[in-house]
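Peer 1: Here the sequence shown stands for residues -8 to 257, numbered as in the working numbering. Heads up, the beta-carbon is just placed ideally off N, CA and C, and yes, glycines get one too.
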Amino acid sequence: MNSPGTAADYTTFLEELVEQAGHIPLEYFRSDLVVTDKQQQGGAFDPVTRADRETEQFIRDRIVAAYPEHGIIGEEFGTTQGDAALTWLIDPIDGTRGFVSGTPMWGVLVGLKQGDECLAGAMRQPYTEETWIGDGSAAHFIRRRQRSRLRVRNQARLTDAIVCCTHPAMYPTEATRQKFLDVIARCRFSRYGTECLGYGMLASGYVDLVIEGGLSAYDIMPLIPIVEGAGGVITNWQGEAALNGGLIVAASCRQLHEEALEYLAF
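#1: For Arg144, does the three-state DSSP call read helix, strand or coil?
#2: Could you tell me the distance, in whole angstroms, from the CA atom of Asn(-7) to the CA atom of Ile63?
#3: Can you name the residues that DSSP bridges to Tyr183?
#4: Run through DSSP, which three-state label would Thr78 get?
#5: Looking at the strands, I want to know which residues DSSP matches up with Gln105.
#6: Going by the beta-carbon positions, is the gap between Met96 and Gly89 smaller than 7 Å?
#7: What is the residue span of the alpha helix (DSSP H) that Val174 lies within?
#8: Within a Cβ cutoff of 6 Å, which residues of the same chain sit near Glu219, ignoring the five residues on either side of it in sequence?
#9: What's the gap between the Cα of Tyr1 and the Cα of Arg115?
#10: Using the DSSP secondary-structure output, state which residues sit across from Gln116 in a beta bridge.
#11: With a threshold of 6 Å on Cβ separation, who are the neighbours of Glu60 within its own chain once the five nearest residues in sequence on each side are excluded?
#12: Looking only at its chain, what residues have a beta carbon closer than 7 Å to the beta carbon of Ile15, apart from the 5 residues adjacent to it on each side?
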């Protein structure tokens, strides 16, 4: 399986990979797990657990076995350079705070990019046995081997929109936090604590906007092909490509995205 592969090859591989990898954090979920703070400079608490590291190592080992020439970027073990133009991005447990709090608001994220193009991405929530997967042109939801096509709902007005965000504290400055608050003040209602699942809910047609800040590439790149494959729009707050992270806005349609950007863009 060392050839470049097709989109179908990669999504099949991804689907199996995240399902298998999800068994590892599930074994530790709601257990007496030691939590370490990665932040050593007095900044915001940044938790990591044995489950994070074991899950990423499993994913890395599977990728190396299948595609040894590809590069890998992971949250816990950094960058492994490859000989090919393709790079895998891994967030083994996106939402570790939710994970250690015993809530199901977390997921295993793996994505593949070629240069600045997001080729495929998958999110797995092992506790609910749910997978979201996409390649930018289509996206699917899988639960217990049952597969359905994902489509966003075409909610075009900010006043009718449901917006998700992990937490207002994730914005890097007071100015960016205030811009976010300006948007949610104009929406129907908002929900916090959604982590990566907010993007899954947008792709599934349950919410209309996800607005976040301070994201790394591995936090967001795997989710881009899912949102876009379901018909949504996702960029940074300047309307540029989202794959490098930072300040992110995902919307169910272009009209809603443009209206949100009016309040978010600097």
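Peer 2: So, to answer that:
#1: Coil at Arg144, not helix or strand.
#2: With a pLDDT of 48 at Asn(-7), under the threshold of 50, the modelled position of that residue is not reliable, and the figure given next carries that caveat. Using only the alpha carbons, I get a separation of about 15 Å.
#3: Looking at the DSSP assignment, Tyr183 forms a beta bridge with Cys156.
#4: Strand, per DSSP.
#5: The beta-bridge partner set that DSSP reports for Gln105 consists of Leu77, Glu108.
#6: It is a contact, given that the beta carbons lie within the stated cut-off.
#7: For Val174, the enclosing alpha helix (DSSP H) starts and ends at 165 to 175.
#8: Hits under 6 Å: Gly127.
#9: One Cα belongs to Tyr1, the other to Arg115, and the distance between them is close to 16 Å.
#10: Looking at the DSSP output, Gln116 shares a beta bridge with Glu121.
#11: Within the same chain, Glu60 has close Cβ partners Gly73, Asp74, Ala75.
#12: If we look at Ile15 and ignore the five residues flanking it on each side, its Cβ neighbours are Ala42, Glu45, Thr46, Phe49.
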